[in-house]
Structure formats: C-alpha cells, structure tokens
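For reference, the structure is listed below as structure tokens.
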Amino acid sequence: MMIVTEAQQSRRLPRRRQRNEPMEEEGLQEEEEQQHIPPHNTLDMTQMQEAIGRLSQQYMRIQERQEEYHSQYMKNQQEQEEWQLRMMNKQSEFESKFFVMQEEHAFQAHESFGKLAQMQAENMRALKEFTTLQEARYEVQADYNINSQIKLNYIGEHLHNMDPAFPKGKVRLK
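Residue numbers for the sequence shown, in full-length UniProt numbering: 1 to 174.
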C-alpha cells in the first residue's frame, strides 16, 4: 500500500490543472477522482485499481483525441498538397497557353512582315517598271519632238518650192 499525504495530493492536483488547454472531460474526471479519494491517507488496492482504470481510460481518450487531431492534421496537409498541386497545374496550364499565344503572335507577326516585304518588293518592281516606261516615253516624246522639228524645218526651208509666194530661206518665228 501507498500512503499519500494531503500535502502530496495538493501538489499533484494543481499540476494537473496547470495545463494550457484543460479538456472538459478531464475536468470532470479530476472531480470524480477527488470524490473517490477517501478522507484518510491510505488507499486500498481496489481504489488503486479503480484509479489506474480511470487513468487508463483517460489515457485512451487522450490517445484517441490525439489520433483524431493527427488524422485531421494529415487530412489538412493532404488538402493543402492537393491545393498546391492544383495551383501548380493551373500555373503550368496558364504558362503553356501563354507560350502558345506567344508562338501564334510571333507566327502572325512573321507572316505579316513577310506579306509586307512581298508588297514592298512588288511596289518596287512596279515603280521600276513605271520609271522605265516613263523614261522610254520621254525618249519617244523627245524623238518625236526632234523629228517633228526636223520636218518643220525642212518644210520651212522648202516651202517656197511648193508655193512661190513664200520667201526663200530660213523663217524664224517670233
């Protein structure tokens, strides 16, 4: 048999109550334990067994709660990991869509620049053709003007042969 003095009991009980988060069931059990402690300083074996049984049950309940908390923690941890995985997948999906859009934009820009270069080349060809035709037209017009002037000069010089009323020689127009 173990002898427990009142001083020992007063030291033991406050320690149990000094927990940061006392649980409601534990508080009730402590009150029950205090009620089971006899007023005299000795405990018999049945009381010891009852106290051990109560402590064992209390320990089992605490273990169950701890398992529940651990299970809840693991569940929350798994949900957090799943959320992070979803976010990473969404980010990856966004990045892949963004890269596809960039590639399409680059392709369209390249295609547009190609069309622009082709149009500029066609315009340059047309400008060269126009310039060449313009130069040829100018030369033809110049040749025509020169030939016309030569013919007019010839007519002017030989007009008196056709009509004696015209004076002989070069006629200058003023």
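Think of the CB as a built atom: it goes at the ideal place given N, C-alpha and C, for glycine as much as any other residue.
In angstroms with no decimal places, state the Cα-to-Cα distance between residue i and residue j.
i, j, result
"R17", "K75", "Because R17 sits at a pLDDT of 46, beneath the cut-off of 50, its placement in the model cannot be relied upon, and the point is left open."
"E68", "E104", "53 Å"
"H110", "Q102", "12 Å"
"K128", "K168", "49 Å"
"Q149", "R125", "35 Å"
"R86", "S92", "10 Å"
"T131", "Y138", "10 Å"
"M119", "E81", "56 Å"
"S96", "A117", "31 Å"
"N147", "K115", "47 Å"
"D44", "S71", "40 Å"
"L55", "Q84", "42 Å"
"E53", "Q78", "Note that residue 53 is Gly in the sequence shown here, rather than Glu. Roughly 37 Å between the two C-alpha positions."
"P164", "Q134", "44 Å"
"K90", "Q63", "40 Å"
"M88", "A106", "26 Å"
"R19", "E50", "Because R19 carries a pLDDT of 49, less than 50, the predicted location of this residue cannot be relied on, and no value is offered for it."
"A136", "A121", "22 Å"
Would residue i and residue j qualify as a contact pair, given that the criterion is a beta-carbon distance under 7 Å?
i, j, result
"H160", "F166", "yes"
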